[in-house]
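Worksheet for the structure shown next.
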Ligand code: TXA
Ligand code: MG
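Below, the structure is given as structure tokens:
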């Protein structure tokens, strides 16, 4: 299917991807059409080995250190594209850089067999919640993909962390499933963050409203109203919670990894359970909490 320009939904450890051959323009164009994704928003290329990545992008010592520490895994690196790289320009939205990552498990094996990079954004309609199960993909895009591979629930449940190694340091373009502190421990310095990540679009796809459920969403909630859906953490209880239509605890034991893995599925469940509002308690900003809060803020942002 891939060699014929088809689209497949591919399980990865972060979220399900909508994958096509990154060297084939018509296949990549179908990704944008199927998601309703703006063409200025480039895609991540998934590869199976460092040797394969080196065919397409330039590495420096810092990038190599990050790759060796965290690949395969939930890390995407934005690196200079080689001038002769056979990546279709639709994939990069015409940029001279390429976002690359090596996923774990089945996705990596499939790419190694196919021996070409796969462009794969998250397998959801643009602006909606990212899928962490094959059922999520089927409910959203089932009619428009040839094949959905069911690998069970995504283990991490948040998209990859995106880094851009630059002259002045390593920029964090998107917090994600690899915690910033783990990266800082390897490079021995702080990641560079924008003061207000929503003010400018760093990774072009980091639009302010994203991951949006249908119901209105309130974060850092202190109380719940009649019929609301409540998403809580570590057993915290909101005033008025007894009148909620449903209460979902991201991690009763307060484990942020468990919370990350449950986040998108619980947003889908909460959305189905309420016609009024989803209220989410405040989540600690440490570890994977940074990426969880990033997704919650975008889900609660005013819709365009
Ligand atoms: O975990 C993940 O990263 C998942 C799985 C499927 O691998 N993929 C994913 O892709 O989240 P997507 O398309 O939903 O997000 C890709 C992000 C977008 O914000 C895009 O703007 C950014 O990566 N991006 C892609 N190429 C870039 C580049 N050359 N420079 C800066 N940002 C880039
Ligand atoms: Mg996405």
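Numbering (this note's numbering), first residue to last: 12 to 315. Glycine included, each C-beta is placed from N, C-alpha and C at the ideal position. Only a predicted model underlies this, so the values are computations on that prediction, with no experimental measurement involved.
With H, G and I counted as helix, E and B as strand and the rest as coil, what does DSSP make of residue i?
i	result
residue 91	strand
residue 58	coil
residue 187	coil
residue 296	coil
residue 176	strand
residue 108	strand
residue 149	helix
residue 12	coil
residue 116	helix
residue 209	Model confidence at residue 209 stands at a pLDDT of 48, short of 50, so the residue's coordinates are unreliable; what they give is reported in the following sentence. If DSSP states are grouped into helix, strand and coil, residue 209 belongs with coil.
residue 126	coil
residue 249	coil
residue 29	strand
residue 255	coil
residue 39	helix
residue 194	helix
residue 154	coil
residue 203	strand
residue 96	coil
residue 20	strand
residue 309	helix
residue 182	strand
residue 240	strand
residue 103	helix
residue 77	helix
residue 66	coil
residue 139	coil
residue 303	helix
residue 166	coil
Examine the ligand MG and report whether any of its heavy atoms sits within less than 7 Å of the Cβ of residue i.
i	result
residue 224	no
residue 132	yes
residue 65	no
residue 308	no
residue 44	no
residue 141	yes
residue 24	no
residue 170	yes
Does the beta carbon of residue i fall short of 7 Å from some heavy atom of the ligand TXA?
i	result
residue 246	no
residue 341	One cannot answer for residue 341 here, as it falls past the ends of the chain, which runs 12 to 315.
residue 115	no
residue 53	yes
residue 145	no
residue 103	yes
residue 202	no
residue 268	no
residue 57	yes
residue 112	yes
residue 109	yes
residue 85	yes
residue 184	yes
residue 89	yes
residue 75	no
residue 300	no
residue 106	yes
residue 47	no
residue 163	no
residue 153	no
Between residue i and residue j, how many whole angstroms is the CB-CB distance? I'm expecting something under 8 Å.
i	j	result
residue 181	residue 73	7 Å
residue 298	residue 192	7 Å
residue 169	residue 235	No, residue 169 and residue 235 are not in contact; Cβ-Cβ is about 25 Å, not under 8 Å.
residue 275	residue 171	So it is not a contact: roughly 14 Å between Cβ atoms.
residue 303	residue 157	Incorrect: roughly 33 Å between the Cβ atoms, too far for contact.
residue 310	residue 228	5 Å
residue 21	residue 152	At roughly 12 Å, the Cβ-Cβ gap does not stay under 8 Å, so residue 21 and residue 152 are not in contact.
residue 98	residue 23	With 8 Å as the limit, residue 98 and residue 23 do not qualify as a contact, their Cβ atoms being about 19 Å apart.
residue 86	residue 183	Contact doesn't hold; Cβ gap of about 11 Å is too wide.
Does the structure place the stretch 197–204 close enough to the stretch 101–113 that three or more beta carbon pairs sit under 8 Å? The stretch 101–113, when compared against the stretch 197–204, does not touch it at the 8 Å Cβ threshold.
contact_flag[the stretch 48–60, the stretch 94–109] where n(CB pairs < 8 Å) is 3 or more: Under the 8 Å Cβ criterion, the stretch 48–60 counts as touching the stretch 94–109, having at least three qualifying pairs.
Flag this pair as touching only if the stretch 284–299 and the stretch 244–255 have three or more C-beta atom pairs under 8 Å; answer yes or no. Using a C-beta cut-off of 8 Å, the stretch 284–299 makes contact with the stretch 244–255, since at least three inter-stretch Cβ pairs fall below that distance.
Between the stretch 239–246 and the stretch 257–270, can you find at least three pairs of beta-carbon atoms closer than 8 Å? Cβ pair count under 8 Å is three or more, so yes.
contact_flag[the stretch 27–36, the stretch 122–139] where n(CB pairs < 8 Å) is 3 or more: Contact between the stretch 27–36 and the stretch 122–139 is present, because at least three Cβ pairs lie under 8 Å.
Is it true that the stretch 61–80 meets the stretch 37–49, where meeting means three or more beta-carbon pairs spaced less than 8 Å apart? Between the stretch 61–80 and the stretch 37–49, the count of Cβ pairs shorter than 8 Å is below three; the stretches do not touch.
Cβ contact (3+ pairs, closer than 8 Å) linking the stretch 120–130 and the stretch 145–159: In the pairwise beta carbon analysis, the stretch 120–130 is classified as not touching the stretch 145–159: fewer than three pairs are separated by under 8 Å.
Between the stretch 74–92 and the stretch 158–176, do three or more beta carbon pairs fall short of 8 Å? Touching, yes.
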